[in-house]
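S.K.: Chains as they are written, first to last, in my numbering: chain A, 1300 to 1400; chain B, 14 to 307.
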């Protein structure tokens, strides 16, 4: 369900996942938190779900989420609130790499 | 003697014995001077380029890398007096970037969304814009890459197993290690089975490994060498990587854990006394910042 304080957010996808989004490199959804935006994304593109989340519904350990260039794992995590116009990037954490320079 | 001459002739270590008596051995490639299997391909490509005159002192060595190849270029560049520029996805680990800088290599960051394919396309573009400035080995399409394994890795395994190897299992990045080793082993003994390990998902954390179905295929990629395929998830590879450190004293990277896991999965299906060989691509020091070790 969409919360009353939903905001329009852009989710940018890695090339590895674009086969599951009909080739789209970004998808816009309305959501109040990072978690809600990812749920919206996987409702739109169901096949994405198992690549982002494990069987217990937890975000896979090697998927990093950047909200406007900040890694949310080192901030408030998946419950981080979003503002209108925010950009979320889903990035594979190859070898723990996190820093965008 | 230069540091390049210390590449190869790595030990073959016993890892596990399967419950049916199947034995698993691994080539400890972290014994190479820059710490990974990539030293073999880089030495092969640079030796060839220097001998043929393609690489001269005025040129900058340019290539795309997710890390280990870059570290080998950077180390050998420093040893031989060549400048090195590397297209590297911006999400590569801090340890890698720091090592590259220590060796004075220039890092050209590419989009983290596009992984190694983004780096590859950027290197190609830079070279095409300025072919006089760079020597572009192109590790994904340079035959010296797989030949290094055809001439050396495979021959070493053949000798170190007293010609008794029955199965070879390894993951693929450029596919150089797999292609060269498998091709030669099959020439030594056509009944040897050679099986690639593949990440289960296109989005994975197996450093240096490519999910071939969703990425740009290397020029020398050769599926005619495949006797099946073993899929591995990042989570189970990480578990095996921890187990290797805890139970065998081998502190290696996740791609090595994935290779060993693929060998263990294969061993479950084999009859006693078969000998499986796989590759330990690099050591764990390069991944100390990974949450895997938390």
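Idealized CB from N, CA, C, for every residue including glycine.
How do the region 279-290 of chain B and the region 226-234 of chain B stand: do at least 3 beta-carbon pairs fall below 8 Å, yes or no?
M.R.: no
S.K.: Residue 1353 of chain A versus chain B: which residues are under 8 Å apart at the beta carbon?
M.R.: Residue 1353 of chain A sits at position 54 when you count from the first residue of the first chain. Under the 8 Å cutoff, chain B gives 248.
S.K.: Are the region 1307-1320 of chain A and the region 1343-1355 of chain A touching, with three or more C-beta to C-beta distances below 8 Å?
M.R.: yes
S.K.: Go ahead and label residue 210 of chain B buried or exposed: buried means 16 or more other beta carbons lie within 10 angstroms of its beta carbon, across all protein chains shown.
M.R.: Along the second chain, one-based indexing puts residue 210 of chain B at 197. With 16 or more other Cβ atoms within 10 Å, it is buried.
S.K.: Alpha carbon to alpha carbon, how far is residue 281 of chain B from residue 289 of chain B?
M.R.: Residue numbering aside, residue 281 of chain B sits at position 268 when the second chain is read from its first letter. Residue numbering aside, residue 289 of chain B sits at position 276 when the second chain is read from its first letter. Residue 281 of chain B and residue 289 of chain B have their C-alpha atoms some 11 Å from each other.
S.K.: Can you find a C-beta in chain A that's less than 8 Å from the C-beta of residue 304 of chain B?
M.R.: Here residue 304 of chain B corresponds to residue number 291 of the second chain, with the count starting at 1. So yes, residue 304 of chain B belongs to the interface.
S.K.: Please report the distance separating the alpha-carbon of residue 1352 of chain A from that of residue 1362 of chain A.
M.R.: In the first chain, counting from the first residue as 1, residue 1352 of chain A sits at position 53. In the first chain, counting from the first residue as 1, residue 1362 of chain A sits at position 63. Each residue's Cα considered, the two are about 9 Å apart.
S.K.: Roughly how many whole angstroms lie between the Cα atoms of residue 309 of chain B and residue 204 of chain B?
M.R.: Coverage of chain B is limited to positions 14 through 307, which leaves residue 309 of chain B absent and any answer about it impossible.
S.K.: The region 1302-1330 of chain A: which residues have C-beta closer than 8 Å to a C-beta of chain B, in chain order?
M.R.: 1311, 1312, 1313, 1314, 1315, 1316, 1318, 1324
S.K.: Can you find the residues in the same chain that come closer than 8 Å, C-beta to C-beta, to residue 76 of chain B, ignoring five residues on each side of it along the sequence?
M.R.: Translated into the one-based positions of the second chain, residue 76 of chain B becomes position 63. These residues qualify, in order along the chain: 82, 83, 86, 99, 100, 136, 149, 150, 151, 152.
S.K.: Rounded to whole angstroms, what's the CA-CA distance from residue 1364 of chain A to residue 1374 of chain A? Just pull it up for me.
M.R.: The residue given as residue 1364 of chain A occupies position 65 in the first chain. The residue given as residue 1374 of chain A occupies position 75 in the first chain. C-alpha separation (whole angstroms): 11 Å.
S.K.: At a cut of 8 Å, does the region 57-76 of chain B reach the region 23-41 of chain B through at least three beta carbon pairs?
M.R.: no
S.K.: State yes or no: is the beta carbon of residue 104 of chain B nearer than 8 Å to at least one beta carbon in chain A?
M.R.: Position 91 of the second chain, counted from the first residue, corresponds to residue 104 of chain B. Yes, contact with chain A.
S.K.: Report, in whole angstroms, the separation of the C-beta atoms of residue 208 of chain B and residue 243 of chain B, which I expect to be a contact under 8 Å.
M.R.: The count along the second chain starts at 1 and reaches residue 208 of chain B at position 195. The count along the second chain starts at 1 and reaches residue 243 of chain B at position 230. So it is a contact: roughly 6 Å between Cβ atoms.
S.K.: State the DSSP-derived secondary structure class of residue 1337 of chain A, mapped to helix, strand or coil.
M.R.: For the purposes of this step, residue 1337 of chain A is taken as the residue at position 38 of the first chain. Of the three classes helix, strand and coil, the one that applies to residue 1337 of chain A here is helix, per DSSP.
S.K.: Going by DSSP in three states, residue 1360 of chain A sits in which element: helix, strand or coil?
M.R.: As a position in the first chain, residue 1360 of chain A is number 61, starting the count at 1. In this structure, residue 1360 of chain A counts as coil in the three-state DSSP scheme.
S.K.: Just the Cα atoms here: how many angstroms apart are residue 1398 of chain A and residue 1356 of chain A?
M.R.: The residue given as residue 1398 of chain A occupies position 99 in the first chain. The residue given as residue 1356 of chain A occupies position 57 in the first chain. With a pLDDT of only 36 at residue 1398 of chain A, under 50, the local geometry of the prediction cannot be trusted, and the value read off the model is given with reservation. One C-alpha to the other measures close to 26 Å.
S.K.: Measure the Cβ-Cβ separation of residue 189 of chain B and residue 158 of chain B and say whether it is below 8 Å.
M.R.: By one-based count along the second chain, residue 189 of chain B stands at place 176. By one-based count along the second chain, residue 158 of chain B stands at place 145. Contact flag set, yes.
S.K.: Going by the beta-carbon positions, is the gap between residue 126 of chain B and residue 1314 of chain A smaller than 8 Å?
M.R.: Along the second chain, read from residue 1 onward, the residue named residue 126 of chain B stands at position 113. Along the first chain, read from residue 1 onward, the residue named residue 1314 of chain A stands at position 15. Yes; because the gap between Cβ atoms is below 8 Å, this pair is in contact.
S.K.: Curious, which full-length alpha helix (DSSP H) runs of at least 4 residues does the region 181-226 of chain B contain?
M.R.: 189-201
S.K.: For a contact defined as C-beta to C-beta under 8 Å, what are the partners of residue 1364 of chain A on chain B?
M.R.: Sequence index remark: in the first chain, residue 1364 of chain A carries index 65 (1-based). Residues of chain B passing the Cβ test: none, with the nearest at roughly 12 Å.
S.K.: Please identify the residue among B/78, B/96, B/255, B/276 whose C-alpha is closest to the C-alpha of residue 329 of chain B.
M.R.: Outside the modelled stretch of chain B, which goes from 14 to 307, sits residue 329 of chain B, for which no answer is possible.
S.K.: Please list the terminal residues of the continuous alpha helix (DSSP H) segment that includes residue 238 of chain B.
M.R.: One-based indexing of the second chain puts residue 238 of chain B at position 225. Unbroken run through residue 238 of chain B: none, as it is neither H nor E.
S.K.: Taking 8 Å as the threshold (beta carbon to beta carbon), is residue 1360 of chain A in contact with chain B?
M.R.: By 1-based counting over the first chain, the position of residue 1360 of chain A is 61. Using a CB distance cut-off of 8 Å, residue 1360 of chain A counts as an interface residue toward chain B.
S.K.: In this structure, what does DSSP give as the bridge partners for residue 43 of chain B?
M.R.: Within the second chain, numbered from 1, the residue matching residue 43 of chain B stands at position 30. BP columns for residue 43 of chain B are empty, so no partner.
S.K.: Please list the terminal residues of the continuous beta strand (DSSP E) segment that includes residue 50 of chain B.
M.R.: As a position in the second chain, residue 50 of chain B is number 37, starting the count at 1. Neither: residue 50 of chain B is in no beta strand (DSSP E) and is coded neither H nor E.
S.K.: Can you give me the start and stop residues for the alpha helix (DSSP H) that residue 89 of chain B sits inside?
M.R.: The residue labelled residue 89 of chain B in the question sits at position 76 within the second chain. Here the alpha helix (DSSP H) through residue 89 of chain B covers 81-93.
S.K.: How should residue 200 of chain B be labelled, buried or exposed, when 16 other C-beta atoms within 10 angstroms of its C-beta is the threshold for buried?
M.R.: On the second chain, residue 200 of chain B is found 187 positions in, with the first residue counted as 1. So residue 200 of chain B ends up on the exposed side.
S.K.: Quick one: which chain A residues come within Cβ less than 8 Å of residue 224 of chain B?
M.R.: As a first step, residue 224 of chain B must be located in the second chain, where it is residue number 211. Going along chain A in sequence order, the residues near residue 224 of chain B (Cβ under 8 Å) are 1315.
S.K.: Could you tell me the distance, in whole angstroms, from the CA atom of residue 25 of chain B to the CA atom of residue 214 of chain B?
M.R.: Counting from 1 along the second chain, the entry for residue 25 of chain B is found at position 12. Counting from 1 along the second chain, the entry for residue 214 of chain B is found at position 201. Their Cα atoms are separated by approximately 30 Å.
S.K.: For the region 129-141 of chain B, enumerate the residues whose C-beta is nearer than 8 Å to any C-beta of chain A, in chain order.
M.R.: 130, 131
S.K.: Could you pull out every residue in the same chain whose Cβ sits closer than 8 Å to the Cβ of residue 304 of chain B, ignoring the five residues on either side in sequence?
M.R.: Translated into positions along the second chain, residue 304 of chain B becomes position 291. Closer than 8 Å at Cβ, skipping near neighbours: no residue.
S.K.: Whose C-alpha, out of B/130, B/265, B/96, is nearest the C-alpha of residue 227 of chain B?
M.R.: One-based indexing of the second chain puts residue 227 of chain B at position 214. Cα-wise, what sits closest to residue 227 of chain B is B/130.
S.K.: Does any residue of chain A have a CB that is nearer than 8 Å to the CB of residue 127 of chain B?
M.R.: Your numbering for residue 127 of chain B matches position 114 in the second chain. Judged by the 8 Å Cβ criterion, residue 127 of chain B is in contact with chain A.
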